[in-house]
Each structure stands twice: as C-alpha cells, then as structure tokens.
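Residue numbers (UniProt numbering): 1 to 255. Glycine included, every Cβ here is placed at the ideal spot set by N, Cα and C. Since this is a predicted model, take the numbers as computed values, not measurements.
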Amino acid sequence: MAGFDSIINVDELLPDFYFTSTDSKGDSLTKRVRNRIRDFADDEKTPGVLTSWGRFKTARATIQRILLDQPSKATPLILEALGYRTPKRVTFETAQGQLELTASTSDGVVALAAEPVADISELETTARPANTVTRDETWLAGPPPRSTDDAETTGIAAGSEVLAGADTNGPTDAGKDTADSVAATPRGGGLSVFKLLTEIFLADEPPVFVLVAAGGWLVVAERDSWPLGKYLAINLAAVVERADITQAGETAHAV
C-alpha cells in the first residue's frame, strides 16, 4: 500500500516500499517529492512562471467546491491545474484503423477526461470517456453523438448505429438486438475508459503514460505495465478536502 490512503498502488505498479519509505538516502517517492517541490519553488522565483504545484494549490479550494456541486466541470479544471491544458483531437493509428479522441498531450503523457465517478470500481468497469471517441469516423465511446429526434440528420449517428448493429428501417428483431446491446454497454453505450486505455496502448505509436481524470479520481497508467493490470489511482477528492499542502504532504505526493 502507498504512504497515503488516497494513493492506491493497484497490483504494485511500483514496489510498495517506494511509497512508504522515508529514507532520505534511498530512492523513494517522498524523497522525489521533496526535491521536486524545491525545483518548483526555484522555478517560481522567475516572474510569470507558475508550476503545476503552484496552480494546484491556487485552484484547490475551487476544485473542492466544484467537485461537490458539479463534478463533471471539475475535471477540466483539475487537468488544467496539473498542466494539461488546451485539449484537442488526437489520432492514433491502430491495426483496426484510426482511433481519434480528445486529450491533452505533454512529454509522452496523454491526459483525457472521463465521466465523474464516486469510486475507483466504477472507473474500472462502467465509466466512459467524457468526450467522443471514434475509429475511422465510426463512433466508439463518449457522449451519444445525437439524440433520438435528430438521428437522421447527424452523420456520426449512423456510425453509432452501425457499431451497435442497428437498422432503424429493419425488422423488429434488429431493434431488439440494438436494445440488448445498449443495455449491456457502459453508461449509455460505447467503450469503457479502461478498454479505451488498452486501445491506446495497442496503437502503432503509443504514449508512455495515460492520465485519466474522472471527477474526484485520477488514474495513472503506464504502457508496459497496463496489460498486467497495474496502475496508480488517486482519490483527489479526499486530497483536496484534507488540504495538506506541506512540502512533503499528501497534496504534494498526489500532484
């Protein structure tokens, strides 16, 4: 287990002692955090420079409030505070075609937003991306690309129906199959977030890390360890509520 209960080392992405050790001579997360916070402090001596540590401390109270009232709106604020701003459409070449999603990228990290979840188990199983995901312009996941009323007028909606095996002009049995498919898919349809991460890491040129922000939860996944079920989960809602902003405190470890 990690040194703080808000940081969950799922299936030991890293050895547990790395999180719990306070030995200043060895390699530990606490040692790295202390060094990084010192680096941030030096960087912020330059006028106009604001680090992710400084941004997050400034935004902490706002993030806490919005997580309570409108968690979906907190997600982009969290990503921005961590330095992942200006999300854009990103394309990955895969064996099945072009996978396109909305994300921020920086230094080998792809950061994307997911539906807010109350518990990590929801993110592992049913949560889906906050933005639309397509493969070769066929809808895979994210917000429904259209409503029932305007299905005939939205091109991407046709891709959604093809994926589900639907045919609005077909026989009754086809409609039944579509209903069964929708009932079995996560939160309204499409690929779950964790399955999307697998798709990203199987791309021809995958990123080293993927960061997922889902309301009060963060997931850090690494390319080589993801197939083994290893990742870090951070209960950011607990972190901002406790507001431990000491140099080697809980917030510094989480950020």
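* Sorted by chain position, which residues of the same chain lie with C-beta nearer than 8 angstroms to ASN131's C-beta, five sequence neighbours on each side aside? -> Excluding sequence positions up to five before and after ASN131, its CB lies within less than 8 angstroms of the CB of PRO87, LEU101, THR102, LEU112, ALA113, GLY142 and PRO143, all in the same chain and listed in chain order.
* Is it buried or exposed for SER121, if we count other Cβ within 10 angstroms and need 16 for buried? -> exposed
* **Under the three-state DSSP convention, the category LYS88 falls into** => strand
* Are three or more beta carbon pairs between the segment 45 to 58 and the segment 192 to 205 nearer than 8 angstroms? -> no
* **Length of the line joining the Cα atoms of PRO116 and GLU124** => 12 angstroms
* To do: Could you spell out the range, first to last residue, of the alpha helix (DSSP H) harbouring residue 256?
  => The displayed coordinates of the chain run from 1 to 255. Any statement about residue 256 would go beyond what the structure contains.
* Asked: Exposed or buried, which one is ALA157 when buried takes at least 16 other CB atoms within 10 Å?
  -> Reliability of the predicted coordinates at ALA157 is poor, the pLDDT of 38 falling under 50, and the value obtained from them is presented with this limitation in mind. Sixteen is the threshold: when 16 or more other Cβ atoms of the shown chains lie within 10 Å of the Cβ of ALA157, as they do, the residue is buried.
* Tell me TRP217's beta-bridge partners as DSSP assigns them. => DSSP lists ALA214 and ASN235 as the bridge partner or partners of TRP217.
* Asked: Whose CA, out of ALA203, ASN235, ALA95 and LEU79, lies closest to the CA of SER104?
  -> Taking only the C-alpha atoms, the option nearest SER104 is LEU79.
* Asked: Nearest CA to the CA of THR198: which residue from ALA237, ASN235 and PHE92?
  -> PHE92
* In terms of residues, what are the limits of the alpha helix (DSSP H) holding ALA254? -> 250 to 254
* **SER6 classed as buried or exposed, judged by whether at least 16 other C-beta atoms fall within 10 angstroms** => buried
* To do: Work out the CA separation of GLN98 and GLY165 for me, nearest whole Å.
  => With a pLDDT of 35 at GLY165, under the threshold of 50, the modelled position of this residue cannot be trusted; read the value that follows with caution. One C-alpha to the other measures close to 20 angstroms.
* Taking SER64 and VAL255 to be in contact with their CB atoms under 8 angstroms, please state how far apart those CB atoms are, rounded to whole angstroms. => Sequence inspection shows Gln at residue 64; the Ser mentioned does not correspond to that position. Contact flag wrong, Cβ pair sits at about 14 angstroms.
* Label GLU250 either buried or exposed according to how many other C-beta atoms from any shown protein chain fall within 10 Å of its C-beta, with 16 as the threshold for buried. => buried
* Asked: Buried or exposed: where does GLY215 fall if 16 or more other Cβ atoms within 10 Å of its Cβ makes it buried?
  -> buried
* To do: Count the other C-beta atoms from every protein chain shown that fall within 10 angstroms of the C-beta of LEU228, then say buried if there are 16 or more, exposed otherwise.
  => exposed
* Give every residue of the same chain whose Cβ lies closer than 6 angstroms to the Cβ of ARG60, excluding the five residues on either side of it in the sequence, and list them in chain order. => VAL240
* When ILE245, LEU211 and ARG223 are compared against TYR84, the one with the closest alpha-carbon -> LEU211
* In angstroms with no decimal places, state the Cα-to-Cα distance between ILE66 and ALA74. => Roughly 6 angstroms between the two C-alpha positions.
* Using the rule of at least 16 other Cβ atoms within 10 Å of the residue's Cβ for burial, across every protein chain shown, is ALA213 buried or exposed? -> buried
* Boundaries of the alpha helix (DSSP H) in which THR198 is found, first to last residue -> 193 to 201
* Asked: How far does the alpha helix (DSSP H) with SER225 in it reach, from first residue to last?
  -> That residue, SER225, is in no alpha helix (DSSP H); it is neither H nor E in DSSP.
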